[in-house]
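Student: In my numbering, the protein residues as written are 17 to 171.
Backbone N, C-alpha and C define an ideal beta-carbon position, used for all residues, glycine too.
In this text, all values refer to a predicted model and were calculated from it rather than measured experimentally.
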Amino acid sequence: MLNTLKQDGVETETAPLSTITQNGVRRSTRSEAELLTTHSALVRRIAWHVHSRMSTAIEVEDLIQIGMVALIEASQNFEDRGIPFVPYASMRIRGAMIDALRRDARMCRSGMSKRRELAKAYAKLEHLLMRAPTEVEMAEALNIDINRYRAEIGR
Numbered sequence: 017m018l019n020t021l022k023q024d025g026v027e028t029e030t031a032p033l034s035t036i037t038q039n040g041v042r043r044s045t046r047s048e049a050e051l052l053t054t055h056s057a058l059v060r061r062i063a064w065h066v067h068s069r070m071s072t073a074i075e076v077e078d079l080i081q082i083g084m085v086a087l088i089e090a091s092q093n094f095e096d097r098g099i100p101f102v103p104y105a106s107m108r109i110r111g112a113m114i115d116a117l118r119r120d121a122r123m124c125r126s127g128m129s130k131r132r133e134l135a136k137a138y139a140k141l142e143h144l145l146m147r148a149p150t151e152v153e154m155a156e157a158l159n160i161d162i163n164r165y166r167a168e169i170g171r
């Protein structure tokens, strides 16, 4: 029995994604090569989406590689319980990419949040003042004293 897959407006017939095992659970039967060929566009789309938010942290090719490994792992762990494979794989792929980013991060999440807050305040003041804000102006905009502001920016 063949399944019909519609990708980028083109319908293709593929082998069944799974078969029922002895205990009644569906397991993947696709080869890794067929799986990678069929869903490589999904991995690339997710990689570019993640890369657009974290472009300085990792190269898109590395994200694609992480995604391909996650796709294979997703196919090996997939159990058809009424949830289609693509949404399941998408979550696993995106999760693997984010896990890799967090594992390799030089800064904790709270530090990244603080950095975004500082950048937002800087941009707002720069727009209002039409020049680069001073440390005193930044500290006032953030409602903190100048010494704490200097500590947060590492000076």
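Could you check where the alpha helix (DSSP H) with Leu117 kicks off and where it finishes?
Tutor: Unbroken alpha helix (DSSP H) run through Leu117: Phe101 to Asp120.
Student: Rounded to whole angstroms, what's the CA-CA distance from Ala86 to His65? Just pull it up for me.
Tutor: Spanning the two alpha carbons is a distance of roughly 16 Å.
Student: DSSP three-state call for Met154: helix, strand or coil?
Tutor: helix
Student: Of the residues Leu134, Asp96 and Val59, which one's Cα is nearest the Cα of Ala155?
Tutor: Leu134
Student: Helix, strand or coil for Asp96, going by three-state DSSP, please let me know.
Tutor: coil
Student: Report, in whole angstroms, the separation of the C-beta atoms of Glu48 and Ile88, which I expect to be a contact under 8 Å.
Tutor: 6 Å
Student: Could you compute how far the alpha carbon of Met17 sits from the alpha carbon of Met128?
Tutor: Residue confidence for Met17 is low, a pLDDT of 43 falling below 50, so the modelled location carries little weight; the figure read from the coordinates is stated next. Using only the alpha carbons, I get a separation of about 50 Å.
Student: Helix, strand or coil, according to DSSP, for Ser47 in the structure here?
Tutor: coil
Student: Using a 10 Å radius around the Cβ and a threshold of 16 neighbouring Cβ atoms, would you call His67 buried or exposed?
Tutor: Counting the other CB atoms within 10 Å of its CB gives His67 a total of 16 or more, which places it among the buried residues.
Student: Which residue from Pro103, Leu145, Lys130 and Gly98 puts its Cα closest to that of Leu58?
Tutor: Pro103
Student: On the three-state DSSP scale, how would you describe Ala167?
Tutor: Here DSSP, grouped into helix, strand and coil, assigns Ala167 to helix.
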